[in-house]
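Protein chains in written order, with our numbering: chain F, 24 to 161; chain R, 467 to 739.
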């Protein structure tokens, strides 16, 4: 292996290591407080339709108009969401949304998404894997 | 005498060569393909009964060894306190038997002559090859996440025997509660239709390093035929990256910053390069 490619490999490995061992993969959802429901209204910053968990970032106006609060909302996988009627174009950057969520227990700006109303398109999306616990679903 | 010795040596060599002939997987015959039609119909997509997985955490208590039970209690307490330990956050396969026990994702079964193949939705690597061609386990197989599985049909039930699972593979009852099996794991499963569209996997798990006796439990899946339930690709590691455009205009994935098991809120703007 040539020196440049070793360097590239080294940099890639370092980048992966910096991310740390705890990516958002197959984790327990116990860090969310399922006894609390919070509703936020804001603008979609990004909708990341990737495995293992789809992520939605929403900017919510705060005290400083130049620095909105950025919330991240976590969902299940694209496959499971598709079964619940979602698709990768359900939400797009710039869409106005109202989100119901179970917040993080530690008070940080994040949560497990329960339901999102896309006010730009008028569509409503929600999903609950427990609703799929029977055969022959349509 | 010398000639006789040469002849004997020659015969021995011939026998040796014949004995070392590698085992062949013969091409399936039309009769073997036709015989598949007599097997039970497991087609479709199977979604897990997640509520039942959690119910069985208390209904089918795991006979942990006392020293392991302490670890499990600590993990349960952490999860209850909202600080779950992520057993699977590194995107390595859940492996056996954790995949069967705790998956929240769909699975499908493929029948071909001499084989049943299980394909899970999450992870390109989440699959089990169950050989039903009558072969034994290899004498000393390399340990893998899913182990080496051989199966046989007992009427309408597929009986699967799995060994050679990596000692690091978790025996888990949830995504936050479980321990590595630590070696010598043996799993016997009886997989069958309990109802027309309900599949049961009755597991008997022998894990002498962590269990005081074999543990029996059952996992349940529901059949879906609506096309929107079709299995899709799910690459776990993709969650480590965000799609971006590089300086040359190429579509690329860039690593995103994570902390405590989750992406940092401003990650879309500030990917860690």
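All C-beta atoms in this analysis are idealised placements derived from N, C-alpha and C, irrespective of residue type, glycine included.
Check                                                                                                                                                                         : Outcome
For residue 83/F, which residues does DSSP report across the bridge?                                                                                                          : 92/F
Verify the CB distance criterion: does residue 73/F have a CB-CB separation below 7 Å to chain R?                                                                             : yes
Secondary structure at residue 685/R, three-state DSSP: helix, strand or coil?                                                                                                : strand
Under 9 Å Cβ-Cβ, which residues of chain R neighbour residue 100/F?                                                                                                           : 570, 571, 587, 588, 698 and 700
Pick out whichever of 142/F, 58/F, 146/F and 62/F has its Cα sitting closest to the Cα of residue 132/F.                                                                      : 62/F
Is the CB of residue 51/F under 7 Å away from at least one CB in chain R?                                                                                                     : yes
Between residue 142/F and the rest of its own chain, which residues show a CB-CB distance below 6 Å, the 5 nearest in sequence each way excluded?                             : 119
For residue 567/R and residue 91/F, what's the separation of their Cα atoms in angstroms?                                                                                     : 42 Å
Are any of the Cβ atoms in chain F nearer than 7 Å to that of residue 695/R?                                                                                                  : yes
Would a check of beta-carbon distances place residue 156/F closer than 7 Å to chain R?                                                                                        : yes
Nearest CA to the CA of residue 489/R: which residue from 604/R, 502/R, 623/R and 670/R?                                                                                      : 604/R
Within the region 577-664 of chain R, note down every full beta strand (DSSP E) run reaching 3 residues or more, in order along the chain.                                    : 581-586, 593-597, 614-620, 623-629, 636-638, 644-646 and 652-661
When you compare the region 646-656 of chain R with the region 672-679 of chain R, are there three or more beta-carbon pairs, one atom per stretch, that lie closer than 8 Å? : yes
Could you check whether the Cβ of residue 86/F sits closer than 7 Å to any Cβ belonging to chain R?                                                                           : no
Name the residues in the region 646-660 of chain R whose C-beta lies less than 8 Å from a C-beta of chain F; which are they?                                                  : none
Quick one, which of 606/R, 641/R and 506/R has its alpha-carbon nearest residue 629/R's?                                                                                      : 606/R
My output table needs one value for residue 705/R: the three-state DSSP class, helix, strand or coil.                                                                         : helix
Pull up the distance between the alpha-carbon of residue 702/R and that of residue 637/R, whole angstroms please.                                                             : 20 Å
Using the beta-carbon count (16 or more within 10 Å), is residue 718/R buried or exposed?                                                                                     : exposed
Under 7 Å, Cβ to Cβ, is there at least one residue of chain F near residue 689/R?                                                                                             : yes
For the alpha helix (DSSP H) holding residue 567/R, just list the boundary residues, first then last.                                                                         : 564-568
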